[in-house]
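> Protein chains in written order, with the UniProt record's numbering: chain S, 1 to 401; chain X, 1 to 401. Even glycine gets a Cβ: it sits at the ideal position worked out from N, Cα and C. The structure displayed is predicted, hence computed values, not measured ones. The structure under discussion is supplied below as structure tokens; questions concerning it will follow.
This is the structure:
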């Protein structure tokens, strides 16, 4: 299993932000020993998204070389609740909820990681905290100072804002740090918001006479709305469990300026292709649309295979061409001063009965300048060149007399 | 056991500073139920002094009415170390050291408290912390916020000074607080430096559905050197284990302006007598000395009985009269410009041989204005009216020509 260590790191570099202990990482990769890669999670209801998967794919790459991912379910620490990124104290979870979430986590992780025992091991931190007595825990606490903990940006922010930090939350990083010692972690790959806690892991390993783990952080990538990160509460993410259709659709709605970043961190497209896609996206219009099609196809291929990607491409093209307004749209002259939706439709489709037209409106098949109108008696605001669509393939241009 | 509750409190009031929950105290005293009085200690090497005994005598008074002192050995929390009043983190103690200290504590406490099981119970907080698991402890921590803890004056001072607080020290008040719940404390009588921790006790009892303990604090009384409090490190205290002779002697060395305070808090002399002693002390000279004799006799009586006090009074009077300078001291004229101690002695005692005089000096039997001179060739600084004493009962007044 001896690998060209530098080559391994170069492959990972595409999505690496920082490495704490880079020399150690080279040494350990060169040793030929399978590394233990800590992948620790809280057992809250999971919904892994493309952002999480960046780290998972790095781990998967290491698994493919024979290294082992130790998937650590923080079943005990979940009862505390990771205060990261939270401005308020989190409600605690029951043991039953934790077990349900743990099972769901495993299902989702398996969408990227290999789960054969040679390269995958599941542990729970209740294994060491469950039997630990109060005096031993306080002994761990004696290894860490108050100043070290409140230096953490998130705690500082809460203190500055006058918001509460419960004492159990203050101890969370200590427990997460000690996990690294207890599970003999060589390496952990985390988002940069976990850097503080994992550096405490190095602190404990050194204090307790073990070699400190290497900490790799990945860049946090923006949400599909251009927000700072993908987040469940903002609903601006692409879940690993999203259908191929949803993944494809969400990527097609991406702001043009994110195409290159997404292609770099969420696909394995060659970096030259990534740059080309970024260039096309910057042009806008049909070029940007085509770049997104290629990005969306690459992401769907990664998770669902080339067949699924092909199917989504075809479907999108079909719908898109159906939805496009034809170039020659017949004009309809309306003489009513402030016409209702029904009156517009009567003018456009004089052969249809009023009840048919009302049904069409109520079904949601009528849009006025792209906005659905479902009330026949609504008086929509009309522009000089308003487009009325009724049914899938009928358009009229409204001219007011 | 129904008592006039207000009368009980009035008796205690002499040494009470504040009462948190005064109404509850009245109600509970009126209930007729024997109260559980928390007396919690750290199992560090004890040396109880008169300052500690103020609280013990209040508890003793309640024991005499049938209430029970629950002597809580903080054997587990001692392994953390109470950070109160400490600017540095304290080294932890071994279980063996803790047991030795606990035994010594019981011996000293028994100098004031009654130890019959009807009114005295010994508990250890390892009883509840020993079997507690990590999740339960963290549950306790969730009841307290970081802001509550760092509000404590001692923590604030350390933070301001940039000194370290280890995380385990930050948890100390929480554990001391929970003790009150676990041991069903009705009342605790503490120094005002423990008020914060014991208020956390009330917090836990309320959170966990129990009635909160009453917290009585006593005033902290000054050290025998007039310093802010009696303290082991300052060696300015009167230990309960000091001999009657040492107690008596230390009290005779008290600054005049402390006589009234000491008489009020360390004796049961009537308050009118206390006031009179304060008045005499303010006069100074023999009046102040006599006031201290009365104070010292009252304190020794309290701890060792009237016989011991009488013996110390007699001994002190005897030594004092021996030491006092007689009113008519013969003058000696010395003509040497800057005489040595030997030359002074030769002038004062012309009949003694030089070797006899040298021996007297070397034995330490010679003082010049009260300062011992043990070197015959020393040239002491002489005042216009210097008193030379040689041997126990020989004085001379030096006149320089």
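Would you tell me roughly how many angstroms separate the C-alpha atoms of residue 314(S) and residue 127(S), rounded to the nearest one?
Per the coordinates, the alpha-carbon of residue 314(S) lies some 50 Å from the alpha-carbon of residue 127(S).
> If contact means a Cβ-Cβ distance below 7 Å, which residues of the region 243 to 274 of chain S contact chain X?
none
> Against chain S, does residue 137(X) count as a neighbour if the rule is that its beta carbon must be under 8 Å from one of theirs?
Taking Cβ atoms only, chain S reaches closer than 8 Å to residue 137(X), which makes this a yes.
> According to DSSP, which residues form a beta bridge with residue 39(X)?
71(X)
> Rounding to the nearest angstrom, what Cα-Cα distance links residue 176(S) and residue 145(S) in this structure?
Rounded to the nearest angstrom, the two C-alpha atoms are 15 Å apart.
> For the beta strand (DSSP E) that contains residue 396(X), what are its first and last residues?
395 to 400
> List in chain order: all unbroken beta strand (DSSP E) runs of 3+ residues lying wholly within the region 296 to 357 of chain X.
331 to 334
> Any idea which residues DSSP pairs residue 196(X) with across the strands?
Partner(s): none; residue 196(X) has no beta bridge.
> Assuming residue 206(S) and residue 186(S) form a contact by the criterion Cβ under 8 Å, report the distance between their Cβ atoms to the nearest whole angstrom.
Contact flag wrong, Cβ pair sits at about 14 Å.
> By the criterion of Cβ-Cβ separation under 7 Å, what are the contact partners of residue 145(X) in chain S?
164, 165, 166, 167
> Closest to residue 362(X) by C-alpha separation, out of 351(X), 111(X), 376(X), 19(X), would be which residue?
376(X)
> Classify residue 4(X) as helix, strand or coil using the three-state DSSP reduction.
coil
> Against chain S, with Cβ distances strictly below 8 Å, would residue 178(X) count as a contact?
no
> With a cut-off of 8 Å, do at least 3 Cβ pairs link the region 30 to 37 of chain X to the region 219 to 229 of chain X?
no
> Go to residue 388(S), then tell me how far its beta strand (DSSP E) extends in each direction, as first and last residue.
387 to 390
> Taking DSSP's pairing of strands, which residues face residue 371(X) in a bridge?
368(X)
> Quick one: using the 10 Å Cβ neighbour count with 16 as the cut-off for buried, is residue 354(X) buried or exposed?
exposed
> Can you find the residues in the same chain that come closer than 6 Å, C-beta to C-beta, to residue 389(S), ignoring five residues on each side of it along the sequence?
367, 395
> Quick check on residue 184(S): buried or exposed, where buried means 16 or more other Cβ atoms within 10 Å of its Cβ?
exposed
> If you measure from the beta carbon of residue 130(S) to each beta carbon in chain C, is any gap under 8 Å?
Among the protein chains of the structure shown, namely S and X, there is no chain C.
> Measuring only the C-alpha atoms, how far is residue 291(X) from residue 142(X)?
55 Å
> Below 8 Å on the Cβ atoms is my contact criterion, and I expect residue 267(S) with residue 295(S) to pass it. Report the Cβ-Cβ distance as a whole number of Å.
7 Å
> For residue 374(X) and residue 317(X), I'd like the C-alpha separation in whole angstroms.
28 Å
> What do you get for residue 108(S), buried or exposed, if any count of 16 or more other CB atoms within 10 angstroms of its CB means buried?
Around the Cβ of residue 108(S), a 10 Å sphere holds 16 or more other Cβ atoms; the residue is buried.
> Counting pairs of beta carbons, one from the region 1 to 17 of chain X and one from the region 149 to 169 of chain X, are three or more of them closer than 8 Å?
no
> How far does the alpha helix (DSSP H) with residue 378(S) in it reach, from first residue to last?
Premise fails: residue 378(S) is in no alpha helix (DSSP H) and is neither H nor E.
> Measure the alpha-carbon distance for residue 165(S) versus residue 76(X) and round it to whole angstroms.
Taking the straight line joining both Cα atoms gives about 26 Å.
> Across which residues does DSSP place residue 18(X) in a beta bridge pair?
217(X)
> So residue 215(S) and residue 190(S) are in contact, right, with Cβ under 8 Å, and what is the actual spacing, rounded?
7 Å
> Can you tell me where the alpha helix (DSSP H) holding residue 98(S) begins and where it ends?
95 to 109
> Distance cutoff 8 Å, beta carbons only. Does residue 54(S) sit that close to anything in chain X?
no
> What span of residues does the alpha helix (DSSP H) with residue 171(S) cover, start to end?
167 to 182
> So, residue 335(X) versus residue 379(X), is the Cβ gap smaller than 8 Å?
no
> In this structure, does DSSP put residue 278(S) in helix, strand or coil?
helix
> Quick one: which residues of the region 169 to 199 of chain X get their C-beta closer than 7 Å to a C-beta of chain S? List them in chain order.
170, 171, 174
> Quick one, which of 360(S), 372(S), 330(S) has its alpha-carbon nearest residue 398(S)'s?
Of the candidates 360(S), 372(S), 330(S), the residue whose Cα lies closest to the Cα of residue 398(S) is 330(S).
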